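Last residue of the sequence shown? That's 125 in my numbering, and every number before it is there in order.
All residues carry an ideal CB built from backbone N, CA and C; glycine is no exception.
Since we're looking at a predicted model, the values are computed, not measured.
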Amino acid sequence: MENKPSSVLLFQFNDTGKYIVAGIVSTSEDQSSEISSYILCAMSSASHEDIADSLHSKLKNDQAMKVLGGGSLSIDHENFVIQTQDKSVEFGSVEKSLVEKILSSSFVDYKIKIN
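Written as structure tokens, this is what we have:
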């Protein structure tokens, strides 16, 4: 993460669900490609593959994505805690520090527990 890509959260769920983290790759004019941003996308009643398909359908024509892994996520708004656990059967686990960075950038008052 040398060039420090931006991070985005897309939530379509009610406090508990599965998530994936994807790197969005934009192809430049010289045909080189690098990850320009990371997206954590979470949904309530979907498989990790369904989440990836949904996210892929929202990309622009000059963008591609690489799914870096996934897991499950729950938010306790009363106690300000976000907990992630497990790993995706389809995509494996995500680097814990990346998940923590994405979540803590949007949920600054929450304790993030990565298992």
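Cβ-based neighbour list, residue i, same chain, cut-off 8 Å, excluding 5 preceding and 5 following
i: Asp25; result: Ser84, Ile85, Asp86, His87
i: Lys76; result: Ala32, Gly33, Val35, Ile45
i: His66; result: Met75
Separation of residue j from residue i, as counted between CA atoms
i: Leu69; j: Ile30; result: 15 Å
i: Val18; j: Ser47; result: 7 Å
i: Lys28; j: Ile45; result: 23 Å
i: Lys106; j: Ile49; result: 14 Å
Sequence-distant residues of the same chain with beta carbon closer than 7 Å to residue i, five excluded per side
i: Phe117; result: Ile92
i: Tyr120; result: Phe90, Val91, Ile92
i: Met11; result: Since pLDDT at Met11 reaches only 42, below the 50 mark, its modelled position is unreliable, and the value read off the structure follows with that caveat. Same-chain partners within the cutoff: there are none.
Local conformation of residue i per DSSP, three classes
i: Glu110; result: helix
i: Val55; result: Per the sequence shown, residue 55 should be read as Ser rather than Val. Correct three-state label for Ser55: coil.
i: Leu65; result: helix
Segment limits, beta strand (DSSP E) that includes residue i
i: Asp86; result: 73–86
i: Val99; result: Premise fails: Val99 is in no beta strand (DSSP E) and is neither H nor E.
i: Lys121; result: 121–124
i: Val31; result: 26–37
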